[in-house]
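Taking it in order: structure first as structure tokens, then the write-up.
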Amino acid sequence: MVQKNLIDGEWIAGSEAFRNINPSDTNDVVGEYARASAEDARAAIAAAKAAFPAWSRSGILERHAILRKTADEILARKDELGKLLSREEGKTLAEGIGETVRAGQIFDFFAGECLRLAGEVLPSARPNIGVEITREPVGVVGIITPWNFPIAIPAWKIAPALCYGNTVVFKPAELVPGSSWAIVDILHRAGLPKGVLNLVMGKGSVVGQAMLDSPDIHAITFTGSTGTGKRVALASVEHNRKYQLEMGGKNPFVVLDDADLNVSVEAAVNSAFFSTGQRCTASSRLIVTEGIHDRFVAAMGERMKGLVIDDALKAGTQIGPVVDESQLNQDTDYIAIGRQEGAKLAFGGELLKRATPGFYLQPALFTEATNAMRISREEIFGPVASVIRVKDYDEALTVANDTPFGLSSGIATTSLKHATHFKRNAEAGMVMVNLPTAGVDFHVPFGGRKGSSHGSREQGRYAAEFYTTVKTAYTLA
Ligand code: ADP
5 MVQKNLIDGE WIAGSEAFRN INPSDTNDVV GEYARASAED ARAAIAAAKA AFPAWSRSGI
65 LERHAILRKT ADEILARKDE LGKLLSREEG KTLAEGIGET VRAGQIFDFF AGECLRLAGE
125 VLPSARPNIG VEITREPVGV VGIITPWNFP IAIPAWKIAP ALCYGNTVVF KPAELVPGSS
185 WAIVDILHRA GLPKGVLNLV MGKGSVVGQA MLDSPDIHAI TFTGSTGTGK RVALASVEHN
245 RKYQLEMGGK NPFVVLDDAD LNVSVEAAVN SAFFSTGQRC TASSRLIVTE GIHDRFVAAM
305 GERMKGLVID DALKAGTQIG PVVDESQLNQ DTDYIAIGRQ EGAKLAFGGE LLKRATPGFY
365 LQPALFTEAT NAMRISREEI FGPVASVIRV KDYDEALTVA NDTPFGLSSG IATTSLKHAT
425 HFKRNAEAGM VMVNLPTAGV DFHVPFGGRK GSSHGSREQG RYAAEFYTTV KTAYTLA
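The sequence shown runs 5 to 481 under our numbering.
Spelled out as structure tokens, the structure:
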């Protein structure tokens with residue numbers, strides 16, 4: 005059975021379909037999904053536009069009930085949806101279930117936010133005049149998502165969009181349509197009026213591009229590559245539309261001489277390799293001061309030997325496969341580039357054979373890397389990390405900030421002075437002390453600086469900045 009697109013409240017098959025393949029076992033077809041055309045995308049945009057006036061004035065209890073019901077169903081089905089996610093994306097079952105729970109928590113959070121829409125009332129600078137400041141929805145929001153968080157990223161964009169009264173055209177990544185289809189189905193059954201949420205699965209160059217080109221999309225929120233992010237930005241400037249971008253990272257994790265070795269190694273292994281290194285918050289630059297360098301590298305090698313890389317759904321697997329062949333090629337290309345550049349491949353980097361055909365790669369650790377090498381500057385998006393040796397904290401901070409990106413930044417230290425200084429001076433949207441660079445909560449802001457992000461923050465109460473527009477009203481008493 006082909007899972008269809010949702011346009012104006014109807015499930016539409018379209019003329020083409022595509023297959024969703026399990027990266028742990030390429031013989032396993034997770035499902036077939038209708039491929040939307042540019043025409044379908046335009047119909048979805050028209051439906052969202054038509055649905056906007058009524059939805060933007062809908063009661064807060066109606067919105068609350070729909071988001072709450074969605075949260076409840078996602079949480080009740082966490083094992084089944086988590087399994088679907090792991091099967092289509094390749095992260096481990098524990099990670100898949102964890103991400104699904106997070107999606108449920110996000111819908112729950114924004115169900116609550118519907119009940120807390122507030123404004124401000126101020127006296128005017130002029131006598132007998134009152135000023136009210138309120139937030140209104142932006143209009144039709146376009147949502148374009150990547151493959152690496154198939155349920156959490158759609159959730160953290162769709163939930164606030166609906167909460168604040170916007171209508172939505174949602175285009176998930178082609179590699180992972182299953183989780184997106186599931187949450188749209190849940191929201192639809194939870195009682196969303198027709199046209200409020202439209203799902204158009206398909207190619208970025210066709211469906212995504214049709215969204216970028218439409219004057220009827222008032223805001224676009226995008227997570228994905230830097231190159232596509234630029235296209236979103238340019239098209240949005242053309243239409244004078246609001247846009248929000250979450251793109252790459254080259255996140256540093258600093259390890260100082262005074263760090264606890266176990267804490268550093270656990271945080272570094274998690275940051276660099278969990279979720280197969282396919283997180284924009286992953287750390288691929290391990291910046292280590294010389295007093296702890298050799299002990300850290302030796303302990304990393306030991307820890308990496310024990311990692312279990314296998315089928316994402318198998319009990320005991322700690323790291324699943326790479327998402328697809330093209331990403332695997334990108335990872336192995338960068339491993340070759342690192343060697344050519346003169347870094348030493350200290351551990352891993354080989355392709356692995358498992359019981360089923362899949363994209364299995366032994367996580368790779370380079371040592372003797374410099375921050376000028378391509379492996380230290382360009383986002384690889386795989387389980388590949390390099391150790392950069394530095395003299396002291398000051399050099400570590402300089403190297404950490406010497407990158408075009410600025411999403412997340414971490415440090416392992418027992419020094420309050422260095423931890424405090426790093427929190428203040430790391431040029432990143434998120435800073436972690438004695439914790440992995442990845443692994444963020446659902447109720448607080450997420451986002452970065454420099455080449456990593458554009459626009460206001462996602463998640464938590466800060467999401468209101470993007471999904472609403474402010475009105476200032478003056479009344480003569
Ligand atoms: P990744 O390397 O993570 O696949 P992409 O930026 O290619 O990053 O993909 C992120 C999302 O952007 C996907 O949903 C993809 O289909 C979409 N996309 C790709 N090209 C375009 C485009 N020209 N216009 C709009 N969306 C696009």
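From the three backbone atoms N, C-alpha and C, an ideal C-beta is built for every residue, glycine too.
_Pairwise C-alpha distance: P367 and V292_ = Rounded to the nearest angstrom, the two C-alpha atoms are 19 Å apart.
- Check F409 in the structure and name its three-state DSSP category. Residue state, collapsed to three classes: strand.
Helix, strand or coil: which one does DSSP assign to M251? DSSP places M251 outside both helix and strand once states are collapsed to three, so it counts as coil.
**Asked** Start and end of the alpha helix (DSSP H) containing L65?
**Response** Unbroken alpha helix (DSSP H) run through L65: I64 to A80.
Report buried or exposed for Q476, applying the criterion of at least 16 other Cβ atoms within 10 angstroms of its Cβ.
Note that residue 476 is Thr in the sequence shown, not Gln. So T476 ends up on the exposed side.
At which residues does the beta strand (DSSP E) containing M434 begin and terminate? Looking at the DSSP string, the run of the beta strand (DSSP E) that includes M434 is M434 to V437.
| Closest residue to M308 among A442, A55 and F278 (Cα-Cα distance) | It is F278.
I'd like the list of long-range same chain contacts for R283, defined as Cβ closer than 6 Å, with 5 residues on each side in sequence excluded.
So the qualifying residues of the chain are A442.
Considering just the uninterrupted stretch of the alpha helix (DSSP H) at V273, what are its terminal residues?
Following the DSSP letters along the chain, one finds V273 inside the alpha helix (DSSP H) bounded by residues L265 to F277.
Checklist entry - Three-state secondary structure (DSSP) at A319? => result A319 falls in the coil class under three-state DSSP.
Problem set entry | Identified DSSP bridge partners for V172 | Answer by DSSP bridge pairing, in chain order: V145 and L201.
Since I believe L290 is in contact with V269 (beta carbons under 8 Å), could you give me their beta-carbon distance rounded to a whole number of angstroms? In fact, because the Cβ distance is near 10 Å, the residues do not count as touching under 8 Å.
* Asked: For the beta strand (DSSP E) that T441 lies in, which residues bound it at each end?
  -> From DSSP, T441 is part of no beta strand (DSSP E); its letter is neither H nor E.
When you compare each of L349, H458, A40 and Y478 to G253 by their alpha carbons, which one comes out closest? Closest option to G253, judged by alpha-carbon separation, among L349, H458, A40 and Y478: H458.
Exercise. Between the Cα of R299 and those of A263, S288 and G310, spot the shortest distance and give me the residue it belongs to.
Key: The residue with the shortest Cα to Cα distance from R299 is A263.
In whole angstroms, give me the CA-to-CA distance for W15 and A303.
W15 and A303 have their C-alpha atoms spaced approximately 53 Å apart.
Check each candidate in A286, D12, P141 and G18 and name the one with the smallest Cα separation from V474.
-> Nearest C-alpha to V474: P141.
Check: In this structure, what does DSSP give as the bridge partners for K1?
Finding: This structure cannot settle anything about residue 1, because the visible part of the chain is limited to 5 through 481.
task = Assign Y168 to buried or exposed, taking buried as 16 or more other Cβ atoms, counted over all protein chains shown, within 10 Å of its Cβ.
result = So Y168 ends up on the buried side.
(Q) Going by DSSP in three states, D298 sits in which element: helix, strand or coil? (A) In the three-state scheme derived from DSSP, where H, G and I count as helix and E and B as strand, D298 is classed as helix.
Q.
My output table needs one value for E124: the three-state DSSP class, helix, strand or coil.
A. Three-state result, E124: strand.
Do I148 and ligand 1 come close, with the Cβ less than 6 Å from some heavy atom? Indeed, a heavy atom of ligand 1 lies less than 6 Å from the Cβ.
Just verifying my parser: in three-state terms, what is the DSSP assignment at Q213?
Q213: helix per DSSP, three-state reduction.
Under a three-way DSSP split, which group does K371 fall into? Looking at the sequence provided, one finds Thr at residue 371 rather than Lys. Three-state DSSP puts T371 in a strand.
For F22, which of helix, strand or coil comes out of DSSP?
Correct three-state label for F22: strand.
Worksheet item: Among R343, I110 and Y247, which one has its Cα closest to the Cα of I379?
Response: Minimum Cα distance to I379 is reached at R343.
- Query: Do the stretch 40-49 and the stretch 212-223 meet, that is, are 3 or more Cβ pairs less than 8 Å apart?
  - Reply: Flag = yes, the stretch 40-49 and the stretch 212-223 touch.
Original post:
Using a Cβ-Cβ cut-off of 7 Å (strictly less than) and excluding sequence neighbours within five positions of S60, which residues of its own chain qualify?
Top reply: Counting only Cβ-Cβ distances below 7 Å, and skipping sequence neighbours, we find P141 and G169.
Which first and last residues belong to the alpha helix (DSSP H) in which N429 is found?
For N429, the uninterrupted alpha helix (DSSP H) segment begins and ends at L420 to N429.
Check your understanding: Per DSSP, what kind of secondary structure is T365 in: helix, strand or coil?
Key -> According to the sequence provided, residue 365 is Leu. The question's Thr does not apply to it. The answer is strand: DSSP assigns L365 an E or B state.
Residue nearest to D44 in terms of C-alpha spacing, selected from K175, A347, E383 and D29: Of the listed residues, the one whose Cα sits closest to D44 is K175.
- Task: Please name the residue, chosen from R453, P164, D315 and T227, that lies closest to H447 on a Cα-to-Cα basis.
- Result: Answer by Cα proximity: P164.
For this session: With DSSP as the reference, label S456 as helix, strand or coil.
Result: Reduced to three states, the DSSP call for S456 is coil.
- May I ask you to report which of helix, strand or coil DSSP gives Q331? Here Q331 sits in helix by DSSP.
Return the residue from the list T371, C118 and L265 that minimises the CA-CA distance to E345.
Taking only the C-alpha atoms, the option nearest E345 is T371.
* Asked: Taking the Cβ atom as the reference point for each residue, do G233 and L88 lie within a distance shorter than 7 Å?
  -> No, they are not a contact pair.
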